[in-house]
Amino acid sequence: MLFRGFLVQIIILFNVHPATFDGDPEATISPSEFPDPTALQPSTPGTPQVDTWPDGVGSISIEILRVILPPGIGNAVKLVWGRKLDDMNLNITYGVHYAKDGEELTAPKLLTTNESAVVEDLEFCTKYNFAVTITSNDGAVSKISPNDLRSVVTLLDLKAAPKDLKVDFEPRELPCLLIRWSASCPNIGQPVVYIISAFEQNSSRYTIVTLPASKREDFVYHFKVSYGAKFDIKVSTNSVGSQATETVTYKVPSFLQPYKVRVTSNPDGAFMIYWQEPYVPYYVDRVYYEVYVYQGTNISSNYEKYYVTRPVLVYKGNASRYTFSVGLVSYDGQYRSLLSDPIAADIYGDNRQIGVH
């Protein structure tokens, strides 16, 4: 009985684990015994390494797992496509391909044996396409699958000048300037600190305003001013060596003075004069506007004067060029503003401001 039980155990053992014997063409191997063709096998100590990619097969792209924009470095991108197998001694070289969007991905611009790479010295605020391949031995053309492409826009340059600086006047009880600008790139990354520099020409006084760090793209700042002041304004980031915007010079209107006077014209000789109304405090009586019209550009010559209660005056004369200026007067005569800077215009659409103050 003991012998028969021993034979049964041997038979069961061979049924569970079929084996292959050398020289037996009828023998089979269980599917679970086949090696994974994509498995990476460690090299045996003491034996030379061999390339894992056969000759004659072009480079094949692999999946990029993560694309990282390192903080504080706007023109660098880190790519991660695997993890380091420290217990493997493999001879695999990866090729990193990249190009600006719209350009063709050609030969790899970076070779590495690591499973990640940092691509540096890219252009700021620019879209790039990336791919990673396992390089072949014979330099064959890389075969990059569209599914393995990754795109990213690099971050803004912290030293670049902000864009689209605009300065405008906001009439209110305490007059102020509206200072508007945009970040140099919409892909901000980390919060940015902006500095407003304002130089007042009459007093030679500098005012520096440092704003809290922000990841916003567009900014508006209310800058309190005095009537009649004239400012040179620019904006930059707080990074060392950063570039500022072009300087914008703005003259604050005087008390009750109409501002932003514009003139348009038609070839038939008609001129249309527009302006913005000032802030009128409660203690000032009702007001009206005086529009001065000079023939030509000599504002010392005789003039015509027209009265209107609201902006916009249409004027038609016989000459081709006129100069216009606008002022405000209260009905009781106690308040009279300075005239706006004269605007010279002709029937052909050419107009320019004439500075007199």
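According to mature numbering (1 follows the signal peptide of the UniProt record, and there is no 0), the stretch in the sequence shown is residues -21 to -1, 1 to 336, in order. We put the beta carbon where it would ideally sit given N, CA and C, even for glycine.
Sequence-distant residues of its chain with Cβ nearer than 6 Å to residue i (five each side left out)
i, result
"serine 319", "Pro237, Val240, Ser304 and Val305"
"threonine 288", "Tyr267"
"alanine 177", "Thr186, Phe210 and Ile212"
"serine 95", "Val59"
"serine 316", "Leu235, Gln236, Gly306 and Leu307"
"lysine 230", "Lys209"
"lysine 145", "Arg159"
"proline 170", "Ala192, Ser193 and Lys194"
"threonine 226", "Asp211 and Lys213"
"glutamate 179", "Ala208 and Phe210"
Buried or exposed (CB count within 10 angstroms, at least 16 for buried), residue i
i, result
"glycine 334", "exposed"
"tyrosine 310", "exposed"
"glutamine 20", "With a pLDDT of 35 at glutamine 20, under the threshold of 50, the predicted position of this residue should be treated as unreliable, though the coordinate-derived value follows. Glutamine 20 is exposed by the Cβ-count criterion."
"residue 348", "Outside the displayed range of the chain (-21 to 336) lies residue 348, so it cannot be described from this structure."
"histidine 76", "buried"
"alanine 110", "buried"
"serine 221", "buried"
"glycine 328", "exposed"
"serine 182", "exposed"
"proline 191", "exposed"
"leucine 135", "buried"
"alanine 86", "exposed"
For residue i, three-class secondary structure by DSSP
i, result
"aspartate 211", "strand"
"asparagine 126", "helix"
"arginine 289", "coil"
"residue 347", "Outside the displayed span of the chain (-21 to 336) sits residue 347, for which this structure offers no information."
"tryptophan 254", "strand"
"cysteine 164", "coil"
"isoleucine 322", "strand"
"aspartate 247", "coil"
"valine 272", "strand"
"phenylalanine -1", "Summary for phenylalanine -1: the model assigns pLDDT 36, below 50, so the residue's position carries little reliability, and this model does not support an answer."
"asparagine 54", "coil"
"phenylalanine 234", "coil"
Residues near residue i by beta carbon distance below 7 Å, same chain, minus five either side
i, result
"proline 246", "Ile326"
"proline 16", "Because the pLDDT of proline 16 is 34, which lies under 50, any placement of that residue in the model is unreliable, and the number read from its coordinates should be weighed accordingly. Here the set comprises nothing."
"lysine 203", "Leu153 and Cys155"
"valine 172", "Thr189, Leu190, Ala192, Thr216 and Asn217"
Proximal residues to residue i (C-beta, below 8 Å), its chain only, five neighbours per side dropped
i, result
"alanine 298", "Gln274 and Gly275"
"alanine 223", "Ala140, Ser176, Lys213, Val214 and Ser215"
"residue 343", "Summary: the structure shown does not reach residue 343, with the chain confined to residues -21 through 336, and so no result is reported for it."
"aspartate 264", "Ser309, Tyr310, Asp311, Gln313 and Tyr314"
"serine 280", "Tyr273 and Gln274"
- Query: Between the region 209 to 216 and the region 148 to 167, are three or more C-beta pairs nearer than 8 Å?
  - Reply: As far as the Cβ criterion goes, the region 209 to 216 touches the region 148 to 167, which means the pair count is three or higher.
- Residue ranges of each beta strand (DSSP E) run of no fewer than 3 residues wholly in the region 171 to 225, ordered along the chain? Segments of the beta strand (DSSP E) lying fully in the region 171 to 225: 173 to 179, 184 to 189, 197 to 203 and 209 to 216.
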